[in-house]
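So for the sequence shown, the numbering used here puts the first residue at 22; every next one is plus one.
Take a look at the structure set out below.
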Amino acid sequence: MRKSTKMDKKRLPETVLARIWEEQSFRAEYLHTTEGREIQILRRGQRNPDSGPDFRQALIRIGDQVHAGDVELHLEITDWQSHGHDCDPAYNQTILHVVLWPLPRKDHATRPRVLTAAGQSVPTMIVHDCLLSSLEQLVQRFEQADFRKHAKIQRCQSTLHIIPFDVRLAHLQHLGTIRLEERVKRFAAWLEHDSFEQVLYQAICEGFGYLSNKRPFLELARCLPLDYILSHLPDVPDSTTSVLSWIQAMLFGASGLLPSQEEPSGLVCEHRDPETEEYITELQALWDMLAPCLDVKPLLRAAWHFFRLRPPNFPTRRIAALSYLIRSYSVQPVFEGYLRLFTLFRQHSTPTAQRIHFLEHTLEIPATGYWKGRYLFGEPVFSNHDLLFLGRSRIRDILISAVLPVMLLYARRSFQSELEAEILALYAHFPAPSWNRITKIVTAQLFELQGLTPHTMTASVYQGMLHLYKHYCYLPACASCPFTAIKNS
């Protein structure tokens, strides 16, 4: 039991508890409900700035079941009723009630039940005794982090405010071009051992991994090359299996993510619906048949990251999405397909906006089949709103980080200067993916309150921000910052 401190006796603002939850500042191995069921936080959810539960789209394992929904935070367990949540339908999707203070021992027998307006019981977790350090230390750490962040932003703003907006924007575009050239150079190194087809496939697979799973997706693409997958597909599938099932069996088997392979704690739904049981049986039978022919050593389960990911970004779901692309590549080879598309652009003088639309369409994968509405092997949790396996932002990121650099490399290797110019022009006008933590930080440092419109926040500006943060802000290397050089010139 953690000893009480002076701060413990005060009623802290709930923002402190929200920060504790957001940064997961507690010992994960000690988490359990007030009834004693173990808890594993797979996804903490997104902060809700509006009315309703504090965090949305969380994914939490309680006991042997995985739940998707909302999380509500309170200082005391009685706050649920005193705040009227038991009568408010907005809280009906709450899957976990997180409370800071435990009830006094004398009140344990009369602990109030936490019920939604629909009458459903909500599990409660008390975090006070699981904190990584005392509340005083945590609050001090939060305040210091906020101060450092604010001081750094203020320092950048005070230094760079004299540089005209257009100059700052133009230099970010220049840094974005440098980042593009870095990727071209990286893919050129891959080309020493592989074909353009395989290099493009590897680059796309890496993009499927987002930040946390880039490496295992790249390893999967290398241990199970595209032509290797296609060469092991049946010429004519039998009536009980499909080409897609063969591809998924190879991908899930080689990734080490089949349920029969070593299971990570908390990522397997114990209660499987009949469709899941049938699907797993089919994949396992195909993998058992194909594995000896493939002679592939599956990746370790530990290589894949699920923790703190949004469920739509889980590697299981991304692998399923990849299988649909590979099926299309069995009809139209991926590299040849993009090359043909750029040729058509040139022949028909396609406007830039339409080129962008057609390119984005190549990665639009309708959510169908078993994985519609699913994150893991188990019952579907969000079928009604599941339309595409990849969101618009992820599609754009893959196009600007994988497809355009590889095609630019090809244009230069084949001495097609016209194609090279077209790709560079497209890169300069391509819309940026959604803002992330890094681009928000850089925007605050460089532009203060001056907003960036969709017209100015292009892919090249977006990539320039990532380059600036990686090479200067993150280190930090303020003295070498290119914007400092502009100011002093």
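By construction, the Cβ of each residue, glycine as well, lies at the ideal position given by its N, Cα and C atoms.
Short Cβ contact (7 Å threshold) for residue i with residue j
i, j, result
"L279", "H488", "no"
"S455", "S501", "no"
"L330", "P237", "no"
"L241", "S263", "no"
"W211", "V220", "yes"
"R64", "L52", "no"
"A166", "L94", "no"
"V355", "Y231", "no"
"L153", "S72", "no"
"L409", "A388", "yes"
"V92", "G66", "yes"
"L380", "L411", "no"
"L420", "R348", "no"
"V148", "W101", "no"
"R200", "Q466", "no"
"S351", "L251", "yes"
"A342", "L307", "no"
"G399", "R293", "yes"
"S481", "Q194", "yes"
"H326", "N234", "yes"
Inter-residue spacing [alpha-carbon to alpha-carbon] between residue i and residue j
i, j, result
"I225", "F217", "12 Å"
"V37", "Y112", "21 Å"
"P185", "I459", "22 Å"
"P332", "G90", "11 Å"
"R367", "T373", "11 Å"
"L440", "T364", "8 Å"
"R377", "L447", "In the sequence as displayed, the identity of residue 377 is Ile instead of Arg. Roughly 8 Å between the two C-alpha positions."
"L397", "F335", "8 Å"
"D109", "E35", "20 Å"
"Q437", "R417", "24 Å"
"D215", "L315", "19 Å"
"L159", "E59", "24 Å"
"V188", "N457", "23 Å"
"S286", "V317", "The predicted position of S286 is uncertain, since its pLDDT is 44 and thus under 50; no value can be drawn from it."
"Y391", "M310", "21 Å"
"H382", "G394", "21 Å"
"I268", "P246", "12 Å"
"D107", "V257", "57 Å"
"H182", "F468", "8 Å"
"Q17", "G140", "Given a span of 22 to 510 for the chain in the structure shown, any question on residue 17 remains unanswerable."
"C494", "E44", "21 Å"
"I444", "H492", "25 Å"
"D150", "T55", "12 Å"
"M146", "L496", "38 Å"
"G57", "L346", "44 Å"
"A312", "S281", "14 Å"
Assumed close pair residue i, residue j - CB separation to whole angstroms, cut-off 8 Å
i, j, result
"F451", "T479", "6 Å"
"Y490", "I462", "7 Å"
"L190", "T505", "Actually they are not in contact, since the Cβ atoms of L190 and T505 sit about 17 Å apart, beyond 8 Å."
"I98", "R48", "I98 to R48, Cβ: 20 Å. No contact."
"P144", "I83", "6 Å"
"L33", "L124", "Going by Cβ atoms, the distance from L33 to L124 rounds to 17 Å, so no, they are not a contact pair."
Residue i in three-state terms, based on DSSP
i, result
"G105", "coil"
"A89", "strand"
"T198", "helix"
"F76", "strand"
"Q7", "Any answer about residue 7 is impossible in this case: the structure gives the chain only from 22 up to 510."
"K24", "Here the model assigns K24 a pLDDT of 42, short of 50, so the residue's position is not dependable, and the following value carries that caveat. DSSP places K24 in coil when its eight states are reduced to three."
"S2", "The question about residue 2 has no answer here: the residues shown for the chain are numbered 22 through 510."
"T115", "strand"
"K30", "Per-residue confidence for K30 stands at a pLDDT of 44, beneath the threshold of 50, marking its modelled position as unreliable; the derived number appears in the next sentence. Here K30 sits in helix by DSSP."
"V205", "helix"
"H369", "helix"
"S286", "Reliability of the predicted coordinates at S286 is poor, the pLDDT of 44 falling under 50, and no value is obtained from them."
"L409", "strand"
"V257", "coil"
"S142", "strand"
"L425", "helix"
"T54", "strand"
"V120", "strand"
"Q437", "coil"
"F398", "coil"
"F335", "coil"
Residue i Cβ short of 6 Å to the ligand MN heavy atom set
i, result
"Y345", "The model depicted lacks the ligand MN and carries no ligand whatsoever."
CB contact check: residue i to chain D, cutoff 7 Å
i, result
"I41", "Absent here is chain D; the protein component of the structure consists of one chain."
Any 3 or more C-beta pairs closer than 8 Å across the region 395-406 and the region 421-437: Too few Cβ pairs lie closer than 8 Å, so no.
At least three beta-carbon pairs within less than 8 Å, the region 114-124 to the region 71-85: A contact between stretches requires three or more CB pairs, one per stretch, nearer than 8 Å, and the region 114-124 meets this requirement with the region 71-85.
Segment contact, 8 Å Cβ cut-off, at least three pairs: the region 337-346 with the region 293-302: Contact fails between the region 337-346 and the region 293-302, because fewer than three Cβ pairs, one in each stretch, are under 8 Å apart.
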